Amino acid sequence: MSKKVLLVDDTETVLMFEKMMLAGTGHQIVTAKNGVEALKVAEEICPDIILLDIMMPEMDGIETCQRLKDSAKTKDIPVVMVTTKGDPERVEKAYSAGCNDYLTKPLDKLDLLAKVRKHLGESD
Amino acid sequence: MDKGNHGDKSLKVLELFTEGKAFTEELLKENENLRLVVAKLKNEKKDLEKKYIQVDVPRMREKLRMHEDELNELRKENKELRGQFESVEEENREFAGRYVQVERQNSALINLYVASYRLHSTLNYTEVVEIVKEIVINMVGSEVFGVYVVDEEEKEMVMIAHEGLENQTETKVALGQGRIGEAGQSGDNFVAPAGTDLQVRSEEPIACISLKVGERTMGVIAIYQLMMQKEGFHELDYQLFELLGAHAATAIYAAKLFTLSERKRNTLEGFINLMKMDTDVTKQ
Chain A
1 MSKKVLLVDD TETVLMFEKM MLAGTGHQIV TAKNGVEALK VAEEICPDII
51 LLDIMMPEMD GIETCQRLKD SAKTKDIPVV MVTTKGDPER VEKAYSAGCN
101 DYLTKPLDKL DLLAKVRKHL GESD
Chain B
1 MDKGNHGDKS LKVLELFTEG KAFTEELLKE NENLRLVVAK LKNEKKDLEK
51 KYIQVDVPRM REKLRMHEDE LNELRKENKE LRGQFESVEE ENREFAGRYV
101 QVERQNSALI NLYVASYRLH STLNYTEVVE IVKEIVINMV GSEVFGVYVV
151 DEEEKEMVMI AHEGLENQTE TKVALGQGRI GEAGQSGDNF VAPAGTDLQV
201 RSEEPIACIS LKVGERTMGV IAIYQLMMQK EGFHELDYQL FELLGAHAAT
251 AIYAAKLFTL SERKRNTLEG FINLMKMDTD VTKQ
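So the protein sequences, as listed, match chains A and B.
Per the working numbering, the very first residue in the first sequence carries number 1; after that it's consecutive.
Per the working numbering, the very first residue in the second sequence carries number 1; after that it's consecutive.
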């Protein structure tokens, strides 16, 4: 069954890359270029999963994740953080903000698909 | 008196004799019964022996042989099925391996396609440089790097963009000097030998990718450090280096030419407009 996947990243290259990786899954892909836009889109469409970049201008991924988890409407949506810097401190921060999982860049298609499937409750 | 005593004795003897007779008769009767039982048992034994010899042994042997055959057949079938199962398992493993391989190739192709598509998606010089940075960060996985372009008049290379090099005061490198200068002059790529710690910031670049248009070197991407989760360069990185070497150079060069031509066009248009205005004023 087609699900809604929200991709959030301020770089067009990453968004295009993620979109192409998920192209074969049959899911509906929606994108947002920053945290503020992501919150708005998430409230509107209630995606089944959100892939959220950590480093973004204006509102970073950590704050966006906290806000998503604070909202009654979006708190149950699984959030997978995508980070360029995989240091334990940053990962810890992401989990404290309420994220469900994380991925490090450069992204690997198999890892990305595995995490998306896992949080959408799909079997491999 | 004596007569009376004799009479008692003869009576007792008679009594004893009678008892002995009865006992003997009883023994004889029991003996006969036992004989009958023995005869019956002998008959039964004979019957059983008959049955055992005539029916059971050959039939049982046949049955046993049949069961043994069946068992052997089942064992053979089991062995075949085990073999088939193992072969299917092996095939399954092979397919899983191939699936992973295909997905990795697919992932690599997506990387290359996106990089190439993005590099040629604009003619704006600043945007092209920003896209080069995006590729080096998000696809190569570099944390510290600089993008240099060749200044042919000054015979040097000038840093036009960077990531993590905020404290570097020197933004120019003479052609032929150090790894960057050498890559700029020769047009050859440099990658640090195996065993080098790529996750620690080094003074000299760990990789230099020459940006070339044909045989002409336009610039160099100098990578100083990889992200902590990236342990080394992989096959895909070398493919990306090849792609960046050709496509980033063309994209930067084309954007530069376009910006220059736009500037010239604007100047010319301004000049023509000025001439027109001057002619109009003279006519009046």
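Each residue gets a CB set at the ideal place from its N, CA and C atoms; glycine is no exception.
Note that this is a predicted model, so its numbers are computed, not measured.
8 Å Cβ cutoff, LYS73 (chain A) in contact with chain B: As a first step, residue 73 (chain A) is located in the first sequence; it is residue number 73 there, counting from the start. Closer than 8 Å to the CB of LYS73 (chain A) there is not a single CB belonging to chain B.
Selection of the region 76-107 of chain A by Cβ proximity to chain B, strictly under 7 Å: Listed by position, the residues of the region 76-107 of chain A near chain B (Cβ gap below 7 Å) are THR84, LYS85, GLY86, ASP87, THR104, LYS105 and PRO106.
Cβ of MET16 (chain A) within 8 Å of any chain B Cβ: Taking the first sequence and counting its residues from 1, one reaches residue 16 (chain A) at position 16. Yes - at least one Cβ of chain B is within 8 Å of the one on MET16 (chain A).
Contained alpha helix (DSSP H) runs [length at least 4] in the region 16-87 of chain A, N- to C-terminal order: Fully enclosed alpha helix (DSSP H) runs of no fewer than 4 residues occupy 35-45 and 61-70 of the region 16-87 of chain A, in order along the chain.
The ligand NAD heavy atom lying under 7 Å from the CB of LYS19 (chain A): The ligand NAD is not among the ligands present in this structure, which contains no ligands whatsoever.
Within chain B, the residues that MET56 (chain A) reaches when beta carbons sit closer than 8 Å: Reading the first sequence from its first residue, position 56 is the one you call residue 56 (chain A). Going along chain B, no residue has its Cβ under 8 Å from MET56 (chain A), so there is no contact; the nearest lies around 13 Å.
Cβ contact check for the region 202-213 of chain B and the region 238-246 of chain B: 3 or more pairs under 8 Å: At 8 Å Cβ cutoff, the stretches touch.
Run of the alpha helix (DSSP H) containing LEU112 (chain B), from where it starts to where it stops: As a first step, residue 112 (chain B) must be located in the second sequence, where it is residue number 112. 57-119 is the extent of the alpha helix (DSSP H) around LEU112 (chain B).
Under 9 Å (Cβ pairs) to chain A, residues found in the region 111-129 of chain B: Cβ contacts with chain A: ASN111, TYR113, VAL114, ALA115, TYR117, ARG118 and SER121.
N- and C-terminal bounds of the beta strand (DSSP E) containing HIS162 (chain B): The sequence position of residue 162 (chain B) within the second sequence is 162, counting from 1. That run of the beta strand (DSSP E) goes 156-163.
Residue environment, MET66 (chain B), which counts as buried when at least 16 other CB atoms sit within 10 Å: Start at 1 with the first residue of the second sequence, and residue 66 (chain B) comes out as number 66. Counting the other CB atoms within 10 Å of its CB gives MET66 (chain B) a total below 16, which places it among the exposed residues.
Residues in the region 4-29 of chain A having any Cβ partner in chain B nearer than 8 Å: Within the region 4-29 of chain A, the residues whose Cβ lies closer than 8 Å to some Cβ of chain B are THR11, GLU12, THR13, VAL14, MET16, PHE17, MET20 and MET21, listed in chain order.
C-beta atoms of THR196 (chain B) and ILE180 (chain B) nearer than 8 Å: Here the question's residue 196 (chain B) lines up with position 196 in the second sequence. Here the question's residue 180 (chain B) lines up with position 180 in the second sequence. In this structure, ILE180 (chain B) does not lie closer than 8 Å to THR196 (chain B) by Cβ.
Within chain B, the residues that LEU110 (chain A) reaches when beta carbons sit closer than 8 Å: Counting from 1 along the first sequence, the entry for residue 110 (chain A) is found at position 110. Those are VAL100, GLU103, ARG104 and SER107, listed as they occur along chain B.
Pick from B:GLY187, B:PHE95 and B:GLU154 that is closest to ALA174 (chain B), judged by C-alpha positions: Taking the second sequence and counting its residues from 1, the one referred to as residue 174 (chain B) is at position 174. Proximity to ALA174 (chain B) across B:GLY187, B:PHE95 and B:GLU154 peaks at B:GLU154, based on C-alpha coordinates.
DSSP beta-bridge partners of LYS151 (chain A): Nothing can be reported for residue 151 (chain A), as the shown portion of chain A is limited to 1 through 124.
Bridge partner(s) assigned by DSSP for TYR102 (chain A): Sequence index remark: in the first sequence, residue 102 (chain A) carries index 102 (1-based). A:MET81.
Spatial distance of VAL192 (chain B) from ILE137 (chain B) (CA atoms): The residue labelled residue 192 (chain B) in the question sits at position 192 within the second sequence. The residue labelled residue 137 (chain B) in the question sits at position 137 within the second sequence. The amino acid at residue 192 (chain B) is misidentified as Val; the sequence shows Ala. Using only the alpha carbons, I get a separation of about 18 Å.
For VAL200 (chain B), the first and last residue of its enclosing alpha helix (DSSP H): Counting from one through the second sequence, the residue named residue 200 (chain B) turns up at place 200. Element bounds for VAL200 (chain B): n/a, residue is neither H nor E.
Per-residue DSSP class, three states only, for GLU143 (chain B): Along the second sequence, read from residue 1 onward, the residue named residue 143 (chain B) stands at position 143. In the structure shown, GLU143 (chain B) adopts extended strand secondary structure according to DSSP, grouped into three states.
CA-to-CA distance, LEU48 (chain B) to GLU73 (chain B), given in whole angstroms: Taking the second sequence and counting its residues from 1, one reaches residue 73 (chain B) at position 73. Taking the second sequence and counting its residues from 1, one reaches residue 48 (chain B) at position 48. Taking the straight line from one Cα to the other gives about 35 Å.
Unbroken alpha helix (DSSP H) run spanning LEU244 (chain B), endpoints: In the second sequence, counting from the first residue as 1, residue 244 (chain B) sits at position 244. Counting along the chain, no alpha helix (DSSP H) covers LEU244 (chain B), and no H or E run does either.
LYS212 (chain B) - DSSP class collapsed to helix/strand/coil: One-based indexing of the second sequence puts residue 212 (chain B) at position 212. Collapsing the DSSP output to three states places LYS212 (chain B) in a strand.
Rounded separation between SER2 (chain A) and TYR238 (chain B) - CA only: Mapped onto the first sequence, residue 2 (chain A) falls at position 2. Mapped onto the second sequence, residue 238 (chain B) falls at position 238. So the two alpha carbons sit approximately 36 Å from each other.
Length of the line joining the Cα atoms of THR250 (chain B) and GLY219 (chain B): Position 250 of the second sequence holds residue 250 (chain B). Position 219 of the second sequence holds residue 219 (chain B). Looking at the backbone, the Cα of THR250 (chain B) and that of GLY219 (chain B) are separated by about 11 Å.
Span of the alpha helix (DSSP H) around VAL116 (chain A): On the first sequence, residue 116 (chain A) is found 116 positions in, with the first residue counted as 1. According to the DSSP assignment, VAL116 (chain A) belongs to the alpha helix (DSSP H) that extends over 109-120.
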